[in-house]
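Read in order, the letters of the sequence shown are residues 1 to 138 in UniProt numbering. Read the structure below first, then the notes.
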Amino acid sequence: MKPSHIEHIGLAVRNLEESIRYWENVFGLQCYRVEEVADQKVRTAFFKIGDTKIELLESTDADGPIARFIDKRGEGVHHIAFAVDDVKDALQSVQEKDITLIDAEPRPGAEGLQIAFLHPKSTHGVLTELCSKPTNEK
Numbered sequence: 001m002k003p004s005h006i007e008h009i010g011l012a013v014r015n016l017e018e019s020i021r022y023w024e025n026v027f028g029l030q031c032y033r034v035e036e037v038a039d040q041k042v043r044t045a046f047f048k049i050g051d052t053k054i055e056l057l058e059s060t061d062a063d064g065p066i067a068r069f070i071d072k073r074g075e076g077v078h079h080i081a082f083a084v085d086d087v088k089d090a091l092q093s094v095q096e097k098d099i100t101l102i103d104a105e106p107r108p109g110a111e112g113l114q115i116a117f118l119h120p121k122s123t124h125g126v127l128t129e130l131c132s133k134p135t136n137e138k
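Structure (C-alpha cells):
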C-alpha cells in the first residue's frame, strides 16, 4: 500500500455552523459540501486546500463517536485520512503488518468514498482512515 496523498484531516467540532464560519471568515475558504452520514452519527462539512480537504465532524447523537471523542478530549484533530487505490487491498496490507483494524471491510463514507479505520493503539495514537473511490468510479 502506498497512499497517493492526504485525502483529508478530520476535526471534531461541537457546532458545525460556527466552525464553518470560522474557516470561511478567518481563512477565506469556502465550504463546498455539508452531508449527514447517518450510520456514523455525524454531520460533515468540507473545505478544499490544494489536494487536501478539511473535514469538520459534528455528532448527531449524544452517544455517537464524535460526541464521545469531544467529551473525552475536546474539540480538535480527530483523524487523518489517506487516499489509496483500493481500501480493501490496503486493509489486507496493513493487517499483514499486525496493525489492528477498526473496520475489517470497507464501508461507505462521506462524499461517496469507501473508507476504513485503523485502530490508534496500532498507529502510535493517530486514528487513521483509508479512503478510495468505489471500484466502479476508478
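Every residue gets a Cβ at the ideal spot worked out from N, C-alpha and C, and that includes glycine.
Secondary structure, alpha helix (DSSP H): runs of 4+ residues fully inside the UniProt domain "VOC" (5-133): Counting whole runs of 4 or more residues, the UniProt domain "VOC" (5-133) contains the alpha helix (DSSP H) stretches 16-27, 65-73, 87-95.
Whose C-alpha, out of Lys41, Leu57, Ile6, Asp86, is nearest the C-alpha of Cys31? Taking the sequence shown and counting its residues from 1, one reaches residue 31 at position 31. Taking only the C-alpha atoms, the option nearest Cys31 is Leu57.
Let me check understanding here. Comparing Cα to Cα, which of His79, Ala90, Phe69 lies closest to Ser132? By one-based count along the sequence shown, residue 132 stands at place 132. Looking at the Cα atoms, Ala90 is the closest of the given residues.
State the Cα-Cα distance for the pair Ala62 and Val42, rounded to the nearest angstrom. Here residue 62 is taken as the residue at index 62 of the sequence shown, counted from 1. Here residue 42 is taken as the residue at index 42 of the sequence shown, counted from 1. Roughly 10 Å between the two C-alpha positions.
Can you tell me whether His79 is buried or exposed, with buried defined as 16 or more other CB within 10 angstroms of its CB? As a first step, residue 79 must be located in the sequence shown, where it is residue number 79. Buried.
Close beta carbons around Trp23, own chain, < 6 Å, minus the five adjacent residues each side: Numbered from its first residue, the sequence shown carries residue 23 at position 23. Taken in chain order, the residues that qualify are Leu29, Phe47.
Val95 versus Ala104 - alpha carbon distance: Counted from its first residue, the sequence shown places residue 95 at position 95. Counted from its first residue, the sequence shown places residue 104 at position 104. Residue 95 is actually Gln in this sequence, not Val. Approximately 9 Å between the Cα atoms of the pair.
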